[in-house]
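Worksheet: one structure, shown below.
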Amino acid sequence: MSENFSLLLSNTNRSIQYLKTFEKSGIFPKKIVYLDNKKKNNILKKIFERIKSDKKCYFKIFKSNNINDNTVVRYLLNIREKNIVYSGYPGSIITNNHLLNKKNLLHSHSGRLPDFRGSTTIYYSLLKNKTIYCSTFIMRKKIDSGKILLVKKYPLPKNILNIDSSYDHLIRAKNMLEVIKNLRNLKIINKKDKKTLSYYVIHPALRTITLNKKY
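Throughout the sequence shown, residue numbering follows this note's numbering, covering 13 to 227 in sequence.
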């Protein structure tokens, strides 16, 4: 069935996991907006063709990988859906305040907010607390600072080495699916916006230490 949300995707493994998770659940967006970086991805293409053949949702493809492209922004501002699931390219930051204020851009972050903001927080959480969390929130201009909709703890993967290549994407998609299923009943999680550290891309040495620890 089609739900009242749109899905913004990129040519990434994370977006593939989002598509697989939603397709498996039988829940589809009204629209899929795809930012094309012109690199071939046969898995993504096959999923698109399968969903298209079922005519479950409308597709819009932009020949741009830039979320801040004026044409992309105008299109997103004019679609009927208020809620847009965001799975853009790594490192992309939405700079258009009008878009951020008019639409609910929903993002899943593999860290417990507001304590673990920034990049590769799944590693820092493991290193500091031996835990894995995922938070889904409404994006704002300040990174990882929007209204929190869901914070959920996840078990450690059976193979810790898969944490970056697949597990990170999986928990984000699962968290997002739970939010979409319960959009009408969700309440904003009130967490004091305390001063916290912003984490940066983890150093390779720290990453190796994290993956080799006993949990």
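Built from N, CA and C at the ideal position, the CB exists for glycine as well. Since this is a predicted model, take the numbers as computed values, not measurements.
Identify, in the order they occur along the chain, each residue of the same chain with its Cβ nearer than 7 Å to the Cβ of Phe128, setting aside the five sequence neighbours on each side.
-> Hits under 7 Å: Tyr136, Ser137, Tyr211.
Report the rounded CA-to-CA distance for Arg184 versus Ser120, giving the unit in angstroms.
-> Their Cα atoms are separated by approximately 5 Å.
Determine contact between the stretch 107–117 and the stretch 175–183, defined as no fewer than three beta-carbon pairs at a distance below 8 Å.
-> no
With respect to the alpha helix (DSSP H) encompassing Val191, which residues constitute its N-terminal and C-terminal limits?
-> Judged by DSSP secondary structure, Val191 falls within the alpha helix (DSSP H) whose first and last residues are 180–193.
By the 10 Å Cβ neighbour count, where 16 or more other Cβ atoms means buried, how is Ile175 classified, buried or exposed?
-> buried
Give every residue of the same chain whose Cβ lies closer than 6 Å to the Cβ of Thr222, excluding the five residues on either side of it in the sequence, and list them in chain order.
-> Tyr135, Leu138, Leu139
What three-state label does DSSP hand Leu118 in the structure shown?
-> In the three-state reduction of the DSSP assignment, Leu118 falls in the strand class.
Do you know how far the Cα of Pro126 is from the Cα of Ile155?
-> 11 Å
Under the rule that 16 or more other beta-carbon atoms within 10 Å means buried, what is Asn95, buried or exposed?
-> buried
Kindly give me the distance between the Cβ atoms of Asn23 and Leu56, rounded to whole angstroms, as I take these residues to be in contact under 8 Å.
-> 6 Å
Given a threshold of 16 other Cβ atoms within 10 Å of its Cβ, counted over all protein chains shown, does Lys43 qualify as buried or as exposed?
-> buried
When we look at the beta-carbon of Asn194 and count the other beta-carbons within 10 Å, is it buried (16 or more) or exposed?
-> Of the residues assessed, Asn194 falls on the exposed side of the cut-off, its CB having fewer than 16 other CB atoms within 10 angstroms.
Determine the direct distance from the alpha carbon of Lys64 to that of Ser147, and round the result to whole angstroms.
-> Cα to Cα, Ser147 sits roughly 30 Å from Lys64.
Assign Tyr227 to one of two classes, buried (16 or more other C-beta atoms within 10 Å of its C-beta) or exposed (fewer than that).
-> Looking at its Cβ environment, which holds fewer than 16 other Cβ atoms inside 10 Å, Tyr227 is exposed.
Can you give me the start and stop residues for the beta strand (DSSP E) that Leu162 sits inside?
-> 160–166
Anticipated Cβ contact below 8 Å, Ile192 with Ile39, distance rounded = 6 Å
Roughly how many whole angstroms lie between the Cα atoms of Tyr145 and Ser131?
-> 14 Å
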